[in-house]
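The numbering used here puts the first residue of the sequence shown at 4, with every later residue one more than the last. We put the CB at the ideal spot given by N, CA and C, even for glycine. Predicted model only: the values in this text are computed from it and were never measured. Below you'll find the structure, written out as structure tokens, and then a few comments.
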Amino acid sequence: MDTTLEQSYISQTPLSYRRKKGQYFTPPHIAEVMVEWVVPADPATILDPAVGMGIFPRSFNQRMPGTISNWKSYDIEDSFIHPLQSMGLHMYHQDFLLSDWKNLFDGIIANPPYFKLRNHSHKVELLKTFEEKLGVRLPGNTNIYNLFILKCLKQLNVNGRAAFIVPSDFLNADYGQHIKAYLLKHKLLDYVVITDYQVSWFEEATTTSAILLCSREETKDDRVEFINVQSDSEMKGFKEFLQNGDCSKPYGKSFAYHELVPSIKWRHYYQDSLLETYKNLRPFYEFGKAKRGIATGANDFFCLSESERIEWGLDRDITVPCLIKAYQASEPFFTWENWESLKHDNHPVYVLQIKQEHEQHHVVQRYIQYGEEHHFHQRYLTKHRKPWYRPELREPPPILFRVFNRSGLQFIRNEAGIMHLTSFHGLYIHEYFMQEIDVIMAYFLTDVAKDLIKETRREYGKGLLKFEPNDLNQSWVVDFESIEEKEKKQIRELYTNIRQDTSTYRDELLARLNKMFIDILKR
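See below:
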């Protein structure tokens, strides 16, 4: 199919603008698969809620000539309107999410925009409307494409069919639970086609994608099939499967609706253990050692803010900069400036370090007396410590790992070189491998590293994950010694760019880094 319209727009529109708007154009061979799913519904009315340059109407019209007038298409981009109207499309120059909910459609095909809902100017209004219309309370960190899917499906007619192409992350993200539950509750989902191969479907985007094929048929099997597609030829094979129209035999992994659990990561249904997928793996203990953070036994006594330190008259030489709480390090790089900011805002940022030569100081004696008056010396850990007011101390680790994780595993480069309490584990890299610290940290930033480490996770309620130091020591990581020097150079360059870039472009840099490590793990 001719893609002149798309290529012309791409050449004339800055990449930064297209990223901001979440604009990624669907390749023709993918559009054809999605069209093939909807064709059997013989739709008299067809919706594209984010039409772009009209790849779906054009592809559908090529498959079923004379159907352009059946389409109702939405987009907010000025540049798209005139070319599509001249084709005979019914164009609505408005945000589909803010349009009415009354119209029903026999067919829906969509590649919705991809950006965080928090960046939408009508975020609060949309969340309220979706809760009223669907009874679904969406989290504020959800992506906008989830709203497109839900609204489209609400407007899908009986015996209608819908096809969506979206990033596959919602299948395994906390914010995806709501949409998965909705799909199962209303028995709308038929096929999930997951791309786990590194052929880029979208211009200038490195991401795995999923095609969701849905229907609201009155009589249908209560089953969902998950299909892994690893090449364009396999995608062509699935298209031929749809064209044949005989879906009685499973094409992929088939599950009954009642077997699917919305609250868990759906990779369980379509992905084998990563340990069977990847090579070049070694246990982390061969490269470093994870240790728990400092346990004071009485944080109220041992941990101080700057104002508390000044109030007590405690010198800086008996207080050590320290990360006290998990919230204090939320980014992958923790700098001295970050610590200074916490200090300025009067967060607890010091841990007490009373050495023997300090014990006779009047101010120190007064503070120890205060601790004993408040029975801090009788706590479980302190009463087994001699003297009770001298907690363990150790060298700051180069990398920190958050002990409890709910939204995703968090590794932090400890650029500030400070100590930490038990909210974090410290990753101490063996001296021989410290020369590769940037490569090691770059690896821990990637999704594939986190997914491999999750093989040793401990799950708690409501998706909470916890790791003990030995879980990390026994976890599998890439064999850093198998990485070639030219690859290390590329990894370091990406790492430097990620370190310097805090914009949305960081996500694409991380995706490129992830791809590099996947290639290394697969060879």
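Residues in the same chain with beta-carbon distance under 6 angstroms from residue i, minus the five sequence neighbours each way, listed in chain order, please.
i: G291; result: L430, Y431, I432, H433
i: S84; result: The residue asked about is misnamed: residue 84 is Ile in this sequence, not Ser. Excluding sequence neighbours, I84 sits near M94, H96.
i: Q180; result: P265, S266
So the beta strand (DSSP E) residue i belongs to, where does it begin and stop?
i: K292; result: 291-295
i: F108; result: 108-113
i: V354; result: 353-355
i: T322; result: 322-326
i: V481; result: 479-481
i: Y431; result: 427-432
Might you give, ordered along the chain, the residues of its own chain that have their beta carbon closer than 7 angstroms to the beta carbon of residue i, omitting 5 neighbours on each side?
i: F304; result: G374, F379
i: I168; result: T29, I33, M37, N114, S212, I214
Nearest-angstrom Cα distance between residue i and residue j?
i: T145; j: G138; result: 16 angstroms
i: V202; j: P170; result: With a pLDDT of only 45 at V202, under the threshold of 50, the placement of this residue in the model should not be trusted, and no figure is reported.
i: M519; j: Y446; result: 10 angstroms
i: S276; j: L455; result: 9 angstroms
i: R270; j: K256; result: 12 angstroms
i: V451; j: H387; result: 42 angstroms
i: Q65; j: L92; result: 14 angstroms
i: L513; j: D522; result: 14 angstroms
i: K469; j: I327; result: 18 angstroms
i: L346; j: T322; result: Per the sequence shown, the amino acid found at residue 346 is Lys instead of Leu. About 13 angstroms.
i: V41; j: F59; result: 11 angstroms
i: K453; j: L412; result: 6 angstroms
i: Q438; j: E39; result: 53 angstroms
i: I250; j: E243; result: One point to set straight first is that residue 250 is Cys, not Ile, in the sequence displayed. Distance between the alpha carbons of C250 and E243: 11 angstroms.
i: E360; j: R495; result: 44 angstroms
i: H365; j: A293; result: 38 angstroms
i: H123; j: Q356; result: 48 angstroms
In the DSSP assignment, find the unbroken alpha helix (DSSP H) run with residue i in it and report its ends.
i: G374; result: 365-376
i: V442; result: 440-447
i: K132; result: Correcting the residue type first, residue 132 is Thr in the shown sequence and not Lys. Where T132 is concerned, the enclosing alpha helix (DSSP H) stretches over 126-137.
i: N149; result: 147-157
i: F287; result: Run containing F287: none; DSSP gives neither H nor E here.
i: S344; result: 339-347
Which residue wins for smallest C-alpha separation from residue i, given the options the options?
i: R526; options: R495, L284, E80, L412; result: L284
i: Y272; options: F258, V354, L278, E439; result: F258
i: A34; options: P46, R61, E128; result: R61
i: A184; options: I267, F229, D45; result: I267
i: I182; options: T449, V264, I79; result: V264
i: L524; options: W339, T198, K457, E279; result: E279
i: D45; options: T70, A166, D51, R515; result: T70
i: V442; options: F28, Q493, E289; result: Q493
i: E471; options: F427, T449, R495, E511; result: F427
Mapping DSSP to helix, strand and coil, what is residue i?
i: G179; result: helix
i: P389; result: Reading off the sequence, residue 389 comes out as Lys, not Pro. In the structure shown, K389 sits in coil (DSSP, three-state: anything other than H, G, I, E or B).
i: P60; result: helix
i: K469; result: strand
i: W74; result: strand
i: S171; result: helix
i: Y200; result: Low confidence applies here, because Y200 scores a pLDDT of 44, under 50, leaving its location unreliable and the question unanswered by this model.
i: D45; result: coil
i: E418; result: coil
i: R526; result: coil
i: E220; result: coil
i: S308; result: coil
i: Y463; result: Its pLDDT being 45, under 50, Y463 is placed unreliably by the model, and the measurement read from it follows with that caveat. Coil.
i: D51; result: strand
Tell me which same chain residues have a C-beta within less than 8 angstroms of the C-beta of residue i, skipping the five on either side of it?
i: N160; result: T48, L107, F108, D109, R219
i: K223; result: K190, D193
i: E395; result: I297, A298
i: W104; result: K136, K154, K157, Q158
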